[in-house]
Structures are given as structure tokens and as C-alpha cells.
Amino acid sequence: MRKKTVFFRGISVLLVLFFLWWVFALPRPLFNLPLATVIEDSQGNLLSAQIASDGQWRFPSVDSLPIKFQVCLRVFEDRRFWQHPGVDFRALIRASRQNIRSGRIVSGASTISMQVIRLSKGNPPRTIGHKILEILLAVRLEVAYSKKDILQYWADNAPFGGNVVGIEAASWRYYGKAATLLSWAEAATLAVLPNSPALIHPGRNREALTQKRNRLLANLVALGELDQQSYELAISEPLPGAPLPLPSLAPHLLQHIRATNGPGRWVVSIDGRLQQRLIRLAQQQQQRLAGNGIHNLAVLIMNTESGQVIAYLGNISTLSKEHSPQVDLIQAPRSPGSLLKPLLYSLAVQQGVILPQELLPDIPSVFGGFRPENFHESYAGAVPANRALARSLNIPFVHLLKNYGVAPFHNALQAWQFDHITQAPDHYGLSLILGGCEVSLWQATAWYSSLGRLLLHQQAYQGQYDPEDWRLPDYLARQQTAPAPSLQNAPGQIGAGAAWATIQALENLERPDSEGDWEAFSSSNQMAWKTGTSFGFRDAWAVGLDPDYTIGVWVGNADGEGRPGLVGVQAAAPLLFAARQLLPRSSNGWFETPFNDLTPAVVCHQSGMLARAYCPADSVLMPVRLSGGQLCNLHELIHLDQDKLRVNQQCLKQTETSHPTAWFVLPSLQAYYYRQHHPAYMPLPPWRNNCRPTSEDTPRMQWIYPTQTTRINIPRNWQGEAEAVIFSVAHRQSDAIIHWHLDGQYIATTRQLHTLELQPSPGTHQLSLVDQDGQRLTRKIIIEE
Numbered sequence: 000m001r002k003k004t005v006f007f008r009g010i011s012v013l014l015v016l017f018f019l020w021w022v023f024a025l026p027r028p029l030f031n032l033p034l035a036t037v038i039e040d041s042q043g044n045l046l047s048a049q050i051a052s053d054g055q056w057r058f059p060s061v062d063s064l065p066i067k068f069q070v071c072l073r074v075f076e077d078r079r080f081w082q083h084p085g086v087d088f089r090a091l092i093r094a095s096r097q098n099i100r101s102g103r104i105v106s107g108a109s110t111i112s113m114q115v116i117r118l119s120k121g122n123p124p125r126t127i128g129h130k131i132l133e134i135l136l137a138v139r140l141e142v143a144y145s146k147k148d149i150l151q152y153w154a155d156n157a158p159f160g161g162n163v164v165g166i167e168a169a170s171w172r173y174y175g176k177a178a179t180l181l182s183w184a185e186a187a188t189l190a191v192l193p194n195s196p197a198l199i200h201p202g203r204n205r206e207a208l209t210q211k212r213n214r215l216l217a218n219l220v221a222l223g224e225l226d227q228q229s230y231e232l233a234i235s236e237p238l239p240g241a242p243l244p245l246p247s248l249a250p251h252l253l254q255h256i257r258a259t260n261g262p263g264r265w266v267v268s269i270d271g272r273l274q275q276r277l278i279r280l281a282q283q284q285q286q287r288l289a290g291n292g293i294h295n296l297a298v299l300i301m302n303t304e305s306g307q308v309i310a311y312l313g314n315i316s317t318l319s320k321e322h323s324p325q326v327d328l329i330q331a332p333r334s335p336g337s338l339l340k341p342l343l344y345s346l347a348v349q350q351g352v353i354l355p356q357e358l359l360p361d362i363p364s365v366f367g368g369f370r371p372e373n374f375h376e377s378y379a380g381a382v383p384a385n386r387a388l389a390r391s392l393n394i395p396f397v398h399l400l401k402n403y404g405v406a407p408f409h410n411a412l413q414a415w416q417f418d419h420i421t422q423a424p425d426h427y428g429l430s431l432i433l434g435g436c437e438v439s440l441w442q443a444t445a446w447y448s449s450l451g452r453l454l455l456h457q458q459a460y461q462g463q464y465d466p467e468d469w470r471l472p473d474y475l476a477r478q479q480t481a482p483a484p485s486l487q488n489a490p491g492q493i494g495a496g497a498a499w500a501t502i503q504a505l506e507n508l509e510r511p512d513s514e515g516d517w518e519a520f521s522s523s524n525q526m527a528w529k530t531g532t533s534f535g536f537r538d539a540w541a542v543g544l545d546p547d548y549t550i551g552v553w554v555g556n557a558d559g560e561g562r563p564g565l566v567g568v569q570a571a572a573p574l575l576f577a578a579r580q581l582l583p584r585s586s587n588g589w590f591e592t593p594f595n596d597l598t599p600a601v602v603c604h605q606s607g608m609l610a611r612a613y614c615p616a617d618s619v620l621m622p623v624r625l626s627g628g629q630l631c632n633l634h635e636l637i638h639l640d641q642d643k644l645r646v647n648q649q650c651l652k653q654t655e656t657s658h659p660t661a662w663f664v665l666p667s668l669q670a671y672y673y674r675q676h677h678p679a680y681m682p683l684p685p686w687r688n689n690c691r692p693t694s695e696d697t698p699r700m701q702w703i704y705p706t707q708t709t710r711i712n713i714p715r716n717w718q719g720e721a722e723a724v725i726f727s728v729a730h731r732q733s734d735a736i737i738h739w740h741l742d743g744q745y746i747a748t749t750r751q752l753h754t755l756e757l758q759p760s761p762g763t764h765q766l767s768l769v770d771q772d773g774q775r776l777t778r779k780i781i782i783e784e
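Position 324 of the sequence shown, counting from 1, maps to 323 under numbering that gives the first Met the number 0, and the rest follow consecutively.
Here it is in C-alpha cells:
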């Protein structure tokens with residue numbers, strides 16, 4: 000009795016242990032194999048794919064298995080799949096009898112569930128022990144998962160020849176389409192293929208594969224799954240040939256997604272047909288540019304309001320390896336040239352540092368050791384800020400950055416997620432506005448899109464602001480409705496008025512070409528746009544936007560090689576406008592004027608500053624700023640006698656009257672260049688002989704070179720001989736006479752054009768200039784060998 004008790008207790012323990020093992024025997028997850036990275040466009044079409052890390056084309060699972068393939072698989076592998084609990088005992092008994100009679104294995108009885116277990120174990124040797132294990136775990140599989148899940152596991156992990164795993168990869172590799180589009184013949188071929196995957200390769204016994212497929216199709220007819228006509232059409236279809244290359248329409252977006260999100264199946268917002276058209280356009284443009292040694296380009300197209308990417312061309316992927324086609328130039332940090340000028344302009348307008356039409360200096364300038372030049376090395380003297388932006392003049396924007404502050408601008412860029420700007424503000428200095436930093440096309444296009452999005456939302460948000468309007472592009476297709484925006488009354492760094500002023504300045508469809516002429520770009524779509532060219536002609540940029548789309552273009556060489564003619568207006572702008580032609584015409588008109596963030600203002604017609612009482616004035620709409628603008632300081636209220644000569648109270652007779660007149664007066668150096676472009680500009684009238692000012696607020700003379708106390712190296716020709724140093728000065732009066740003195744000794748007199756060649760000896764000297772009215776200008780110079 001006691002032995003029986005011990006025996007039954009032992010059996011009970013074994014059964015409990017067996018049950019516990021059986022419950023926890025399945026691994027979690029069932030399959031833990033590396034996956035390929037797959038991206039599909041907004042319509043579910045395959046854009047690009049990258050093989051799994053183990054070298055297998057193993058696609059991530061799809062939501063549902065195609066019906067045709069399900070039917071073919073069940074009829075071929077496991078007809079009673081829907082009825083049995085994981086093991087088909089009838090088939091097992093039948094196969095055992097046949098194998099015993101033959102003395103070898105001639106028939107199998109593996110169900111789909113058993114095959115899933117076998118696949119999950121890595122296809123172990125076919126032994127009795129492993130077969131028993133498969134049977135036990137197949138039942139456990141049926142308890143844990145639905146029949147639908149088990150079919151999906153099989154379809155995702157079955158071998159289909161070579162390094163092709165799973166129905167989705169097989170469908171694309173052998174038929175070049177998604178599994179949902181397979182015909183009956185194609186579905187039958189793939190259903191029988193895992194049974195003998197080697198038969199798929201050309202040169203093998205493909206007749207055997209054809210026979211297997213056709214037998215399956217005949218069985219489908221016998222079971223009523225397929226009609227006779229469809230059967231006859233199906234058996235006439237040929238087998239697939241060699242594996243097909245997978246689509247590669249967005250390889251750079253694929254590598255970006257794999258790096259940031261990891262392997263898997265990603266549905267992106269890309270428009271597949273637009274992507275194909277953009278690739279063809281880019282290849283045509285690249286062939287044109289290649290004649291000048293320019294080999295790489297990138298284009299990013301976004302929906303302005305949603306911020307979603309609808310086309311992503313990171314490079315010309317068909318280039319030879321020497322031109323680095325694998326480099327994603329949408330994400331690569333590059334020098335932006337002038338592309339950041341609208342950012343500074345919008346900030347300066349928002350904070351009242353300038354008004355849109357306010358004059359900025361455009362004169363030879365030196366800031367410490369930094370000497371900026373305009374692209375065409377010419378000067379306008381003074382130019383309205385919005386015109387300086389439209390013409391992308393460098394010197395006015397360096398002056399603007401100096402007034403605004405490098406540190407505040409640097410902080411704003413970092414807040415706008417320009418995360419390649421990693422050094423302290425002093426590291427960049429004033430060169431920050433001329434491309435002395437690095438940004439990516441991804442970041443730059445995002446800013447311009449955000450600018451447009453802010454304006455588009457002003458009416459819907461009733462003048463409030465959504466901080467999320469300023470964001471990086473989004474490339475993943477969104478299935479859920481976006482949450483309601485969290486609105487606030489105060490804008491972020493810029494408001495709608497400043498954004499509107501920036502868009503207005505960028506609307507001009509003229510830009511200077513490399514020869515300094517003005518080139519007009521025709522476009523059927525109104526667009527605000529900006530170009531950029533980096534130092535050394537290494538990067539050409541163009542970014543444009545309208546209420547529907549924002550497009551960013553970069554052109555250059557991936558290795559940073561500069562090329563003549565690699566400028567934004569010539570290399571990138573044509574591609575920008577050609578890309579816009581691929582898109583529908585704008586259906587939203589243009590950006591609406593944000594009256595809620597604009598206020599009437601009276602500005603000086605000539606200076607663009609807030610008008611004084613005596614200024615010629617214009618009434619305009621100006622952005623509501625955080626602080627007021629500056630009153631005009633470029634108009635002097637002077638008094639003229641009847642001969643149009645200047646007078647003052649000290650020299651007027653009691654019987655005389657004077658006429659107060661507002662006179663537009665620029666600083667001497669600005670006036671020198673300004674009047675070259677504005678013949679109507681008149682210097683101040685001369686004083687009457689018996690009248691002399693006690694002092695003048697605006698200097699009559701101003702140095703062009705040298706601009707400050709400086710060390711000057713003696714220039715030498717190619718033979719090493721010393722040459723003269725050229726000194727130049729500007730006078731407010733165009734007909735002025737200037738007498739030149741070096742170290743107290745008279746040396747020359749100049750009229751109208753005040754430029755002089757001197758060869759002072761090495762050492763310290765003082766250069767003194769005296770005009771016809773006795774006004775004096777001096778400069779200390781140090782001449783070095």
C-alpha cells in the first residue's frame with residue numbers, strides 16, 4: 000500500500016512538472032529573429048527595403064494574410080487545419096502505417112502548427128524525439144494563439160529559397176508586388192515552395208515545381224475553391240525567373256528611419272508617384288550639373304500645414320561610388336551661406352530692432368579682424384532691410400547681427416532645433432549670419448515650413464499660437480487624429496506680423512546671378528524663397544514655400560569640393576522651381592494678412608524708420624513688436640535762405656526769413672556709395688558765406704580704407720618689389736576738395752574722387768585730410784614690411 004502511495008505521488012509530481020513545463024515551454028516571443036527594414040508610401044506601396052542583419056530578406060509581419068495564399072497553404076499543407084487541435088491524428092496514423100510498410104519515411108503528417116514549432120526551433124534534425132516535442136508544443140501553440148495567428152507565423156517565417164523568408168519578401172522578390180496582389184498561380188507557387196525551396200532557382204528541376212503547383216491548383220478545383228476557367232489560366236502562367244531587385248525609391252529615408260527607429264515596417268507620408276517623378280527630375284538636373292563637376296543634390300518636399308514629408312531625395316543613388324551616393328545630404332550638416340538671413344530678419348522685426356523698410360548700412364566694413372563682402376563685392380551705401388534680404392546682401396546683415404546680438408541669435412537657432420550649432424556664440428561671431436556654422440537641409444526646410452504654418456493657422460486659431468507649429472518634419476503616416484492644439488496668446492520667438500513681413504520680403508522672384516545681373520524666375524505659382532551659397536562655392540541652397548508646399552534643395556559635392564558656378568541662384572533655384580512644377584497648383588491662394596498682429600504706423604519714406612514730424616511719411620502696416628522702433632535720425636531740419644543756402648539764427652538779418660526744410664542726410668561713407676545708385680540724392684546745401692556752423696553732428700568725411708587704426712603690410716608685385724598703398728576717403732559733398740598731409744607735410748589735393756596712392760616708409764605715421772571748409776579727418780597708420 001505504501002509503495003503504491005509513493006508511486007502515485009511520484010506520478011503526480013511528474014505530471015505537475017510536465018504540466019508546468021508544457022505551460023511555459025513556448026518561448027516569448029515565439030520568433031526573435033532580426034527583421035528587414037521596410038518603408039511603404041502613403042498608399043501602402045513598397046518604397047525601399049534593407050536586408051536583416053543576418054543577411055535574410057525577412058520582412059516584418061503584415062496585418063493580414065491574403066485569402067488566396069491562405070487557401071493554397073491550407074489545401075497543400077494541412078487540409079484539416081481549422082478542425083484539429085494542433086495535431087492531425089488521422090494523418091499521423093496514416094503516415095505511420097505508410098512509413099512502417101516502406102521501411103523509410105515516405106509520408107509526413109506535420110500540421111501547420113507543428114511546422115511553426117519546427118521553424119521556431121531553427122529546423123532541428125528530424126528525429127522521433129523532436130517529432131514528439133513538436134506534437135506537444137503544437138497543442139500548446141493552439142492553446143496560446145488563434146488559428147489566424149498560427150497561419151501568420153508560418154507565412155512570416157517559412158523559407159522560400161535562398162535568403163528569402165516569409166510570404167511578403169517572397170512575393171516582392173519573385174513577383175515584384177505585394178502578396179495581396181498575387182494571382183492564384185502565384186499564390187499556389189509560393190504555397191508549395193517551402194516544401195522544396197531549392198526548386199525556385201533557375202537551372203534547378205523547375206519542372207518538379209511546376210508539377211507541384213499544378214497539382215495544388217487541380218486540388219483547388221476539386222475542392223470547389225477554384226473554377227475551371229481560372230484553373231486553365233493559372234496553369235498557363237510561367238514560373239518566376241531570377242529574384243527581382245526590390246524597389247529603392249527612398250534609400251536615404253530608409254537608412255535614416257533604420258538609424259532612428261530601428262528595423263520594422265514603417266508606413267511613411269511619402270507620395271510614391273511624386274517620389275518617382277522627383278527622382279527622374281533630379282537625375283536630369285544632375286546630368287546638367289555634372290558637366291561642371293557638381294555631382295550631388297538633395298530635395299525635400301513637405302506639406303506646409305501638416306509638416307509631413309511627401310518626397311525625400313537624399314542623393315542621386317545611381318551615382319558611382321566615388322561620388323558618395325550613399326550619403327544622405329538632407330541630414331548632412333553643411334554651411335548654409337545666406338539661408339539664415341530670414342531667421343535673423345524675422346527676429347529683428349519681432350523685437351523692434353529694425354522696421355522692414357529701415358535702411359541698413361551697405362559699406363566697406365571691418366569688425367575686428369572680420370571683413371565681410373557682398374557676393375558681388377559692390378556697395379549700395381544704405382539699403383532697406385527687406386530689400387537687403389531679397390537681394391541677400393551680406394554687409395547689411397552683419398551690421399544687423401551686430402545690433403541684434405550674436406548670443407541672442409545663437410540661442411534662437413538652438414531653440415529652433417538647429418542642433419549642429421554646438422559651439423558657443425563667440426566661436427562663430429558675426430560670421431554666423433554668413434554661413435559660419437553648419438545646418439542640415441532637414442532643419443532649414445523645417446524652419447521655412449514652420450514660418451508658413453504659423454501664418455496659415457492665424458485665422459483658425461483666432462490670433463493665438465500653437466508652440467507645436469515650430470517643429471521638425473514628420474515622415475511617418477499618422478492613423479490617429481492629432482490632438483487639439485494647446486494655444487497660447489503670446490507668440491514664441493516671432494509672431495504672425497514678423498512672419499508676414501519676412502514672407503513679403505522673400506516673395507520677390509528676382510535674384511542676382513554670378514555676374515551680378517538680376518535674373519527673373521518665372522513660376523506659375525507664387526512662392527516666397529531664399530537661396531544660399533557657402534564660402535568657397537561648396538554648397539548651393541534654395542528653399543521656397545507657399546501655403547501648400549515647402550521645398551528645400553541642396554546642390555554640391557558630398558566631399559565638399561567647391562566649383563565655380565556652384566551658387567544657389569544658378570545651381571539650386573532652377574531645381575526648386577522645377578520641383579514645384581511637379582506639384583498641383585496652389586489651391587489656397589496666398590497667406591492671409593494677419594491683421595490681428597499688425598498695427599498702423601507712420602514711417603519716414605526715405606529712412607524707413609518711424610517718422611518725425613518733418614519727415615516725408617508713409618502710412619503702412621507694421622508688426623506689433625515687443626518694443627518700439629527708432630525715430631528717424633537721417634533727416635535734419637535745416638534753414639535755407641532765398642538762394643537755397645544754409646543759414647542759422649546767428650547770421651540772419653532781421654529783415655530776412657528762412658525756410659525750414661527736412662533734408663535726408665546719410666553718414667559720409669554711406670552717402671558716397673548711395674549716390675552712385677541714387678542720382679537724386681543731394682548732399683546738404685553749402686552754408687552762406689557769412690554763416691558757419693559751430694559743430695556738425697554728421698562728419699563730412701569718412702574713411703573707406705583704412706577704416707580704423709590698423710597695421711598695413713606693404714604690398715609687393717610678383718617680382719617682390721614694393722608697391723604703393725591705396726588710401727580712400729568719402730566726402731558728403733560730391734564736389735569737395737580735400738588736401739592730404741602725411742606726418743604734417745602736404746602731399747596732394749584731390750577733387751571728387753578721393754583716392755591716393757602712397758608709399759610711406761615702415762613705421763608709424765599720421766595721415767591728415769582737410770577739406771575746403773577746414774573740416775579735418777586724421778588716421779594713425781602702422782606700415783609693416
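By construction, the Cβ of each residue, glycine as well, lies at the ideal position given by its N, Cα and C atoms.
Exercise for the section: Tell me where the alpha helix (DSSP H) around residue 148 begins and ends. Expected result: Within the sequence shown, numbered from 1, the residue matching residue 148 stands at position 149. Taken as a continuous stretch (DSSP letters only), the alpha helix (DSSP H) holding residue 148 covers 146 to 156.
Handout entry: Test item: CB-CB of residue 444 and residue 530 under 8 Å
Key = Residue numbering aside, residue 444 sits at position 445 when the sequence shown is read from its first letter. Residue numbering aside, residue 530 sits at position 531 when the sequence shown is read from its first letter. In this structure, residue 530 does not lie closer than 8 Å to residue 444 by Cβ.
Practice task
Ignore the nearest five residues each way along the sequence and tell me which others in residue 667's own chain have a CB closer than 8 Å to its CB.
Solution key: Reading the sequence shown from its first residue, position 668 is the one you call residue 667. Same-chain partners within the cutoff: 697, 698, 699, 700, 701, 729, 730, 731.
Problem - Assigned exposure category for residue 295 - 16 Cβ within 10 Å defines buried - result: Here the question's residue 295 lines up with position 296 in the sequence shown. Residue 295 is buried by the Cβ-count criterion.
Handout entry: Option in 149, 383, 446, 751 with minimal Cα separation from residue 69
Key = As a working mapping, residue 69 is identified with position 70 in the sequence shown. Checked all of 149, 383, 446, 751; the closest Cα to residue 69 is 149.
Practice task
For residue 412, I'd like the list of residues in its chain whose CB is within less than 6 Å of its CB, leaving aside the five on either flank, ordered along the chain.
Solution key: Here residue 412 is taken as the residue at index 413 of the sequence shown, counted from 1. Answer for residue 412: 420, listed in chain order.
Exercise for the section: Tell whether a beta-carbon distance below 8 Å holds between residue 564 and residue 535. Expected result: Against the sequence shown, residue 564 aligns to sequence position 565. Against the sequence shown, residue 535 aligns to sequence position 536. No. Outside cutoff.
Problem - Nonlocal neighbours in the same chain, by C-beta distance under 6 Å from residue 363, ignoring five residues either side - result: Walking along the sequence shown from the start, residue 363 turns up at place 364. Only 703 meet the Cβ criterion.
Handout entry: Helix, strand or coil at residue 712 according to DSSP, with G and I counted as helix
Key = For this step, residue 712 is matched to residue 713 along the sequence shown. Note: residue 712 maps to strand in three-state DSSP.
Practice task
Spell out the partners DSSP gives residue 614 in its beta bridges.
Solution key: Taking the first residue of the sequence shown as 1, we reach residue 614 at position 615. Note: residue 614 sits in no beta bridge, so no partner.
Problem - residue 425, enclosing alpha helix (DSSP H) - first and last residue - result: For this step, residue 425 is matched to residue 426 along the sequence shown. Per DSSP, residue 425 belongs to the alpha helix (DSSP H) from 424 to 427.
Practice task
Decide if residue 344 is buried, meaning its Cβ has at least 16 other Cβ atoms within 10 Å, or exposed.
Solution key: Sequence index remark: in the sequence shown, residue 344 carries index 345 (1-based). Its Cβ being crowded by 16 or more others within 10 Å, residue 344 is buried.
Problem - the stretch 479 to 489 in contact with the stretch 266 to 284 per 3-pair CB rule at 8 Å - result: no
Exercise for the section: Whole angstroms is fine: what's the gap from residue 784's alpha carbon to residue 396's? Expected result: The count along the sequence shown starts at 1 and reaches residue 784 at position 785. The count along the sequence shown starts at 1 and reaches residue 396 at position 397. Spanning the two alpha carbons is a distance of roughly 35 Å.
Exercise for the section: Could you tell me if residue 634 is buried or exposed, where buried requires 16 or more neighbouring beta carbons within 10 angstroms of its beta carbon? Expected result: Working through the sequence shown from its first residue, we reach residue 634 at position 635. Buried.
Handout entry: the stretch 451 to 465 in contact with the stretch 390 to 410 per 3-pair CB rule at 8 Å
Key = no
Exercise for the section: Using only alpha-carbon positions, find the residue among 386, 405, 372, 442 that is nearest to residue 415. Expected result: If you number the sequence shown from 1, residue 415 lands on position 416. Comparing Cα positions, the closest option is 442.
Exercise for the section: Output yes or no for whether 8 Å exceeds the beta carbon distance between residue 543 and residue 527. Expected result: Here the question's residue 543 lines up with position 544 in the sequence shown. Here the question's residue 527 lines up with position 528 in the sequence shown. For residue 543 and residue 527, yes; Cβs fall inside 8 Å.
Handout entry: Cβ neighbour criterion (16 or more within 10 Å) applied to residue 746
Key = As a first step, residue 746 must be located in the sequence shown, where it is residue number 747. Classification for residue 746: exposed.
Exercise for the section: Along the beta strand (DSSP E) that carries residue 529, what are the first and last residues, could you check? Expected result: Along the sequence shown, read from residue 1 onward, the residue named residue 529 stands at position 530. Counting along the chain, the beta strand (DSSP E) containing residue 529 begins and ends at 527 to 532.
Handout entry: Beta bridge counterpart(s) of residue 297 as assigned by DSSP
Key = As a working note, residue 297 is residue 298 in the sequence shown. In DSSP, residue 297 forms a bridge with 553.
Practice task
Kindly list the residues whose CB is nearer than 6 Å to the CB of residue 620, restricted to its own chain and excluding five residues on each side of it in sequence; keep chain order.
Solution key: Your numbering for residue 620 matches position 621 in the sequence shown. The answer, listed in chain order, is 597.
Handout entry: Close Cβ partners of residue 129 (< 6 Å) along its chain, the five nearest in sequence each way excluded
Key = For the purposes of this step, residue 129 is taken as the residue at position 130 of the sequence shown. Closer than 6 Å at Cβ, skipping near neighbours: 123.
Handout entry: Spatial distance of residue 187 from residue 72 (CA atoms)
Key = As a first step, residue 187 is located in the sequence shown; it is residue number 188 there, counting from the start. As a first step, residue 72 is located in the sequence shown; it is residue number 73 there, counting from the start. The alpha-carbon atoms of residue 187 and residue 72 are separated by roughly 8 Å.
Handout entry: Those residues which DSSP pairs with residue 740 across a bridge
Key = Here residue 740 refers to the residue found at position 741 of the sequence shown. DSSP output for residue 740 lists 745, 767 as bridge partner(s).
Handout entry: Assigned secondary structure, residue 672 (DSSP; H/G/I helix, E/B strand, else coil)
Key = Along the sequence shown, one-based indexing puts residue 672 at 673. It is helical.
Handout entry: Between the CA atoms of residue 292 and residue 320 - distance to the nearest angstrom
Key = To locate residue 320, count along the sequence shown from 1; it is residue 321. To locate residue 292, count along the sequence shown from 1; it is residue 293. If you take the alpha carbons of residue 320 and residue 292, they lie about 15 Å apart.
Handout entry: Endpoints, the alpha helix (DSSP H) within which residue 728 is located
Key = By one-based count along the sequence shown, residue 728 stands at place 729. Taken as a continuous stretch (DSSP letters only), residue 728 belongs to no alpha helix (DSSP H), being part of the beta strand (DSSP E) at 724 to 730.
Practice task
Taking all protein chains shown into account, decide if residue 532 is buried (16 or more other Cβ within 10 angstroms of its Cβ) or exposed.
Solution key: Within the sequence shown, residue 532 is the residue found at index 533, counting from 1. The residue is buried, with at least 16 neighbouring Cβ atoms inside 10 Å.
Practice task
Confirm, please, whether the CB-CB distance from residue 713 to residue 781 is below 8 Å.
Solution key: By 1-based counting over the sequence shown, the position of residue 781 is 782. By 1-based counting over the sequence shown, the position of residue 713 is 714. No, Cβ-Cβ distance for residue 781 and residue 713 is not below 8 Å.
Exercise for the section: Pull up the distance between the alpha-carbon of residue 515 and that of residue 409, whole angstroms please. Expected result: In the sequence shown, counting from the first residue as 1, residue 515 sits at position 516. In the sequence shown, counting from the first residue as 1, residue 409 sits at position 410. Model confidence at residue 515 stands at a pLDDT of 41, short of 50, so the residue's coordinates are unreliable; what they give is reported in the following sentence. Those two C-alpha atoms are separated by around 31 Å.
Exercise for the section: Tell me whether the beta-carbon of residue 289 lies closer than 8 Å to the beta-carbon of residue 313. Expected result: In the sequence shown, counting from the first residue as 1, residue 289 sits at position 290. In the sequence shown, counting from the first residue as 1, residue 313 sits at position 314. No. Outside cutoff.
Handout entry: Whole-angstrom distance between residue 540 and residue 473, CA atom to CA atom
Key = Indexing the sequence shown from 1 puts residue 473 at position 474. Indexing the sequence shown from 1 puts residue 540 at position 541. When rounded, the distance between both Cα atoms is 21 Å.
Problem - Residue interval of the beta strand (DSSP E) (run including residue 701) - result: To locate residue 701, count along the sequence shown from 1; it is residue 702. Here the beta strand (DSSP E) through residue 701 covers 700 to 704.
Problem - Burial state of residue 785, where buried means 16 or more other Cβ atoms lie within 10 Å - result: Absent from the model: residue 785. The displayed extent of the chain is 0 to 784, so no value can be given.
Problem - Buried versus exposed, by CB contacts within 10 Å (16 or more), residue 105 - result: Locating residue 105 in the sequence shown gives position 106, counting from the first residue. Note on residue 105: pLDDT 44, under 50, position unreliable in the model; the coordinate value appears next. So residue 105 ends up on the exposed side.
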